[in-house]
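Notes follow the structure.
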Amino acid sequence: MNVHVEARDVVKRFGPTTALAGARIAIEEGETHALVGRNGAGKSTLVSILTGLQRPDEGEVLFSGQPAPALADRDAWRRRVACVYQKSTIIPALTVAENLFLNRQSDKGLINWRALAGRAREVLDTYEVDVDAQALAGDLSVEQRQLVEIARALSFGARFIILDEPTARLDGPAIERLFTRMRSLREQGVTVMYISHHLDEVYEICQSVTVFRDARHVTTRPVADLPHDELVAAMTGEATAVYEARSRTPGETVVLSGENLGLAGRYSGIDISVRSGEVVGLAGSASSGKVGLAETLVGLRRADTGTVTINGTKVRPGDVPAAMKAGLGFVPEDRHHEGFVPLLSVGENATFPIARKLGRYGLISPSRRRDTAERMIGSLDIKTEGPDQPVADLSGGNAQKVVFARALVDDPTVLVVINPTAGVDVKAKQALLGAVEDAVERGAGAVLVSDELDDLRICDRVLVMFHGRVVKDVPRGWTDHELVAVMEGMEE
Amino acid sequence: MTTLTAPAPRVRLARFRDLTLVPVIVILLVVGAVLDPTFLTAGNLTNVLQQQAAISLLVLAEAMILIAGKFDLSLESTVGTAPAIAVMLVVPVAAGGFGIGLPGALVIPLALLIGAAIGAFNGFLIIRFQLSAFIVTLAMLIIVHGFLQGPSEGKTLFQLPDSILYLGSALWLGLPAAIWIAGALFAAGIFGLGYLRLGRSLYAIGGNVDAARAAGIRVDRVLYGVFILGGTLAALAGILETGRLGAIGNNQGVGWIFMVFAAAVIGGVSMDGGKGTILGALTGVLVIGLVQNILTLIGVSGFWQPVIYGAIILIALMISRIAGGKAQD
Amino acid sequence: MTTLTAPAPRVRLARFRDLTLVPVIVILLVVGAVLDPTFLTAGNLTNVLQQQAAISLLVLAEAMILIAGKFDLSLESTVGTAPAIAVMLVVPVAAGGFGIGLPGALVIPLALLIGAAIGAFNGFLIIRFQLSAFIVTLAMLIIVHGFLQGPSEGKTLFQLPDSILYLGSALWLGLPAAIWIAGALFAAGIFGLGYLRLGRSLYAIGGNVDAARAAGIRVDRVLYGVFILGGTLAALAGILETGRLGAIGNNQGVGWIFMVFAAAVIGGVSMDGGKGTILGALTGVLVIGLVQNILTLIGVSGFWQPVIYGAIILIALMISRIAGGKAQD
Amino acid sequence: GTTTEAGGGGGKVGIDHPRADSDFWNSYIKYVPQMAGELKVDLMPATNSQNDVAKLVNNVQALIGQGAKVIVMAPQDTGAIANTLQQLENKKIPVVTVDTRPDKGNVFMVVRADNRAYGTKACEFLGEKLGGKGKVVQLQGALSSINGRDRSEAFLECMKSKFPGITVFSEPTEWEGSKAASMLQTRLEQNPDIKGIYMHAGGVHLAPTLQVLKQKGLLVPPSDPKHVFVISNDGIPQEFESIRKGDIDATVSQPADLYAKYALFYAKAAADGKTFKPGPTDHGSTIIQLPNGLEDQLPAPLVTKENVDDQALWGNQVK
Ligand SMILES: Nc1ncnc2c1ncn2[C@@H]1O[C@H](COP(=O)(O)OP(=O)(O)OP(=O)(O)O)[C@@H](O)[C@H]1O
Ligand SMILES: Nc1ncnc2c1ncn2[C@@H]1O[C@H](COP(=O)(O)OP(=O)(O)OP(=O)(O)O)[C@@H](O)[C@H]1O
Ligand SMILES: [Mg+2]
Ligand SMILES: [Mg+2]
């Protein structure tokens, strides 16, 4: 077999940060090749170099042994490689159809909008994306956007496709559909580079795997030759045990409760109560309303009916500060949207909720902020130059940890986390789930919303939602199959 | 997968989002007709269109630049300077020229070229040096106006070649040529930004420049083009205004830029880029023109006129906000 | 994970990012000293500071508003209108007043109150109705100025209560009071935006308003506060200017807003919100003031002055771009 | 001027005011309805072009649309109304311009005082007071305004020819008090021996100038050797007040009342079909022939401490 894509001795620096230090990768023609590594290992940086968005400081990229085209020649790059980037490249003000065919709305001359919508519908149908082609992309949910991006990358017909964490925001069935699609592409001889922090996915669809650590290439091997724990060890540089969910006995006090909550079009008639020392999961397939419900609990949304009580205080609907004052900490669904202020430092982002405790008379003591931030950086293992680095410069997973730090910094008695481990590496995931469990052991009650069954294992019980209603309260000890069946509405 | 609400109404709403000012225009027409009998005559409405023709070209230019996510304040200075320098290159020293004496027929191409050059220089500073568009074009607003004031020493140029007067003063099929020209250019703009790949790329660039680059759009080249086109349109606006007024004063175009932004923004063009349409910008121009005309006709006291004028803009803004249903930015 | 070099230099660099205009200031001081012997005298530099005191308060206000991600054009109109209305409430009809005859000692609190009210009204329209800040404050710029022109019928107010003249003309410890006031307010601004919870929340709101809301910041309340503070500072600027000029003309403050934006932006405040410092904005004011002073001293021809002035702003922009090392917006 | 022919007609007079933000024009605007009443002119509601010639053109179009038979205007940009004047001529609508003289296009009558004469008077006054030597500052209006330019050029030409020993610093203030104060302050810092100031517009320049002089301790009586001689322009009441107090020394009174009166007088005459010839008039002025019409040059007296209480001065008739 031939090497289809190769990067040699690539060095890429961003100011004082070296994102890639002589990294290399070689991908055989027709294989699905995984690239794994911890957050900040340089994976996305390599992607931007392999797709011609950034010039490596040193090193070269070869396609089928030929040097890569000039950076300015975008068309040549696009013939060689299509990509779903980790950062969204959807343009919110344009329709889905136009996003799908951006800069290729027509071959030449006029755009025929009707035909374009037709072509878009075809693409969406082919990849089973149930989205209106005429809708504005900005009105889509996060995962709908992700699906549109995937459909767009696949629709190019390029012989080489890069998928940078495509599944971080997808639920089970959507991931399955994506894999079906990828398998059929492989049968057609398409080469794929696949980046994910879900290592089981690597085993499911990839033939070989490259591991990066600390901006360097560590190993490349057929997946069959690399058992799970060795893979993790290669990524982390040390042996790491599988995460073990802890068991505990929930207390008696109800710290968070919602009565008769309803929001038109999203969910209705929800009663939920979370005790101290308890983790309650919220599961459901897409559009089940679980995120909407969680966002109502924290005050990001105002419910049409019902009340939310935190630690005995009735919280004014839609009032985040009031909820936080009552003892809430939370991780929102979309870190870019609601999670952090990109230009501000790690330290500042992590300490906003406790700003009033960092000094008297409305003052913030920079040294106390630094101390607190450094503690959070340590406990969550955030890879950063220090508390003063802007969050915008962090890798995706590390930015997520900053959001987590913000949720935990005030020692919340109620914790609501939505898809908390999206885009977070194996080890960090353990740290984050551990952090939730730590908080709960300290007496907090937690709500965990997730599409990932693994995350839900730490829950004492899982509320499964379907079409806006809680259909079942599943206690610990479920199997994947059972839970999925309930989520799909196949069992009542 | 997801349950979607019926897609049809959403689409229709999006289409009409350009037209949120139409109710405002209707109200203005009715109010104007009630307040003054002259208002709804063909003659008066033609006057309104002719008066707005030149400034509307600036709105067209600014709308494109804003949609592409940039900013150009210097357009207003180009309105005076481009035709003035072109004229000075052509007329003799006695008429205020440089004494170079290029042929009079060249004056329009020269003016357009000067406009394009100003646009290109703006583009160069902003794109090449990655400077803030606001402040670069603010400095250029001052500099370009200085290039009118300096050579003319503050004097009005009134001995102009006939060629530069023609477009702004001729009648074609009974209507001022300026109206035809502005109409044609707006049609081209609506069409170009609606149906051409190049036009659509402005939305992509303004909406998410990284995504646009990733999609293979030659961002820098397109932005250069937009600035150059903007400068050229401003020069053309200057030519039309010169023909309408019959001379080039030192203040030609000065103070227009605020109204240009007002027209574009109440017409739905976002200051943040990527949003708005040329048709919407056109409705913005019409609203401003009608308001000014009505205030003139009813002869509000000059002292209080600004208050009424500003208040009407605010009300138009609210109506279009309510009709459009979305927060503005 | 990444290989890190020592973190120290980055931190230090970030600190100096506010000060990218310092080399420009140094160059201006040297050039000024070479060109004119008067330039570096204490008297002249004091004059520069005094002349910039009023406008610097507007820059302070606008910098805060820009950092919070909003926009206020109407500040320039408040500079004239707030003190003028306050004066008219106090002086007798013969002196151009309303004849209400409130006590003269109230004139400063009244002016500040009027400024605050204008700011609050801007905030109300922008926050409550989610209207575009640019266009709301543009309309308010026109309206507020109309509220000076209307009641005064365009006349300059010459007969002012002594209390309103005091701050702008007094000397404290040998320096004009205006310099002390502006200095103190800038110090407060630098401190507040650097070390106060409330001040830091402006950066969060301007940087990502949804994240700020999700972090528990009461966004609307803070924004109201910023607009009100902005209006109040503009009124104070008007009081200082009134004292310096000895009368309130109809044009007081008119045309300042461009210079205010120029100062803030070359000082490193971003038009997109969330970026910049008060110290940076202060250096911007100083650059503008020194340039104007040098141009006056060497007596460049009035006709060409704008060209030189604009060119110097562009050069300052480039130097600060190179010194700062980051693309601007 | 002499009335040579009386004819029928009459008709509505449309009037456009040039700006509402200066004391001089505001006095003029207030005189207009008063004089219209006295002269029984059928005046339409006035429009205001806010110092923008494009607005002026729009306003005139609207006035014509509403049936104006005569137009009174004060174009601050004297070139850019050429087309409008042509259109008005084609429609046989006579035009009276106030304060400025259009460069091109026919007018029925120009009513103005000679702005060049203002500059010359100021020059002669300062030149004599300073004894032909020393330094003076002129606070100019806007260089793009014809009046500002006329005053400025005449002042400079006169200084050059009659008082070559005097150095003149010209400061372009754009009619702004703030700029005037800053520039004067800076110039006095640089040249503490400045002994004379000519202000182009008392309305905007008076208060800032006094404020700067006061701050520098230069607001002293003429007997004091530190005295700076100040001559202003406009003739507003505050200037008279300052002359009486000895703060400034003189001003040129620009007759706002006569502008309004004779603008309407000639407008009514034009509507009635009367015509005029060059020559002296019955109100102490002279009509001169221009290439494109006639101009009634109204007197603009120099006001000093001697005649400041003359009740004929318009500045003494307003409150
Ligand atoms: N534009 C940039 N400016 C500064 N630093 C950057 C920039 N882009 C990436 N980096 C840094 O480069 C390193 C590698 O980042 P990269 O995004 O490639 O990581 P990754 O392996 O994709 O991580 P993740 O799994 O979290 O997505 C990180 O330390 C990051 O902070
Ligand atoms: N503002 C909105 N207006 C209309 N529909 C919306 C809005 N926001 C989200 N939706 C849609 O409502 C549905 C329910 O959303 P919600 O996020 O509560 O469910 P979910 O179970 O989290 O779904 P997912 O797993 O897809 O995020 C989603 O399909 C989403 O597209
Ligand atoms: Mg990544
Ligand atoms: Mg979801």
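Residue numbers (our numbering), protein chains in the order written: chain A, 1 to 492; chain B, 493 to 821; chain C, 822 to 1150; chain D, 1151 to 1469. A virtual CB, placed ideally from N, CA and C, is assigned to each residue, including glycine.
Mind listing the chain B neighbours of residue i? Cutoff is C-beta to C-beta under 8 Å, in chain order.
i                : result
Arg368 (chain A) : Here the premise fails: no neighbours, minimum Cβ distance about 35 Å.
According to the neighbour-count rule (16 or more other Cβ atoms, all chains shown, within 10 Å of its Cβ), is residue i buried or exposed?
i                 : result
Asn1029 (chain C) : buried
Thr495 (chain B)  : The predicted position of Thr495 (chain B) is uncertain, since its pLDDT is 36 and thus under 50; a value taken from the coordinates is nonetheless stated next. When all chains shown are included, Thr495 (chain B) counts as exposed.
Leu994 (chain C)  : exposed
Tyr85 (chain A)   : buried
Ala829 (chain C)  : With a pLDDT of 39 at Ala829 (chain C), under the threshold of 50, the predicted position of this residue should be treated as unreliable, though the coordinate-derived value follows. By the neighbour-count rule (16 or more Cβ atoms within 10 Å), Ala829 (chain C) is not buried but exposed.
Pro529 (chain B)  : exposed
Met490 (chain A)  : exposed
His637 (chain B)  : buried
Thr497 (chain B)  : Caution is warranted here: a pLDDT of 35 is assigned to Thr497 (chain B), below 50, making its placement in the model unreliable, and no coordinate value can be reported.
Report all residues from its chain with a CB closer than 7 Å to the CB of residue i; omit the five preceding and five following residues, and keep chain order.
i                 : result
Ala1033 (chain C) : Ser1022, Ala1025, Ile1026 and Val1040
Leu453 (chain A)  : Asp480 and Leu483
Pro56 (chain A)   : Val10, Val11, Lys12 and Ile49
Gly660 (chain B)  : Ala670, Ile731, Leu732, Glu733, Thr734, Gly735 and Arg736
Gln1126 (chain C) : Leu1116
Arg521 (chain A)  : The structure shown does not extend to residue 521 (chain A), since chain A is modelled only from 1 through 492, so no value can be given for it.
Compare the beta carbon distance of residue i and residue j with 8 Å and say whether it is the shorter of the two.
i                 : j                 : result
Gly925 (chain C)  : Leu986 (chain C)  : no
Val416 (chain A)  : Phe330 (chain A)  : yes
Ala1102 (chain C) : Thr899 (chain C)  : no
Arg46 (chain A)   : Ala76 (chain A)   : Here the sequence assigns Leu to residue 46 (chain A), which means Arg is not the residue at that position. Their beta carbons are not under 8 Å apart, which means Leu46 (chain A) does not touch Ala76 (chain A) by this criterion.
Gly277 (chain A)  : Pro250 (chain A)  : yes
Gly258 (chain A)  : Leu297 (chain A)  : yes
Thr1323 (chain D) : Gly1291 (chain D) : yes
Val1086 (chain C) : Phe626 (chain B)  : yes
Can you find a CB in chain E that lies within less than 8 Å of the CB of residue i?
i                : result
Phe919 (chain C) : Considering every chain present, this structure includes no chain E. Its protein chains are A, B, C and D.
Using a Cβ cut-off of 7 Å, pull out every chain C residue sitting near residue i, in sequence order please.
i                : result
Gln641 (chain B) : Phe1124 and Pro1127
Ile517 (chain B) : Those do not exist, as Ile517 (chain B) stays about 17 Å from chain C at its closest Cβ, beyond 7 Å.
Please decide whether residue i counts as near chain D, where near means a Cβ-Cβ distance under 8 Å.
i                : result
Phe979 (chain C) : yes
Ala576 (chain B) : no
Thr530 (chain B) : yes
Can you pull the chain C residues whose beta carbon is under 8 Å from the beta carbon of residue i, in chain order?
i                 : result
Thr1228 (chain D) : Those within 8 Å of Thr1228 (chain D) in chain C number zero; the least Cβ separation is about 18 Å.
Is there a Cβ of chain C sitting closer than 8 Å to that of residue i, yes or no?
i                 : result
Val1287 (chain D) : no
Glu333 (chain A)  : no
Gly666 (chain B)  : no
Considering only residues of the same chain and omitting the five flanking positions on each side of residue i, which have a CB-CB separation below 6 Å?
i                 : result
Ala875 (chain C)  : Ala1058, Leu1061 and Glu1062
Asp1264 (chain D) : Gln1447
Taking only beta-carbon atoms, is residue i less than 8 Å away from chain B?
i                 : result
Leu1138 (chain C) : yes
Lys1254 (chain D) : yes
Please list, in chain order, the chain D residues whose beta carbon lies closer than 7 Å to that of residue i.
i                : result
Ser898 (chain C) : Going along chain D, no residue has its Cβ under 7 Å from Ser898 (chain C), so there is no contact; the nearest lies around 12 Å.
Which chain D residues are close to residue i, counting only those with a beta carbon under 8 Å from its beta carbon?
i                : result
Ser895 (chain C) : Those do not exist, as Ser895 (chain C) stays about 17 Å from chain D at its closest Cβ, beyond 8 Å.
Under a CB-based cut-off of 8 Å, is residue i close to chain A?
i                : result
Tyr687 (chain B) : yes
So which residues of chain A does residue i contact, with C-beta pairs closer than 9 Å?
i                 : result
Leu1050 (chain C) : What Leu1050 (chain C) touches in chain A: nothing, since even the nearest Cβ is about 15 Å away.
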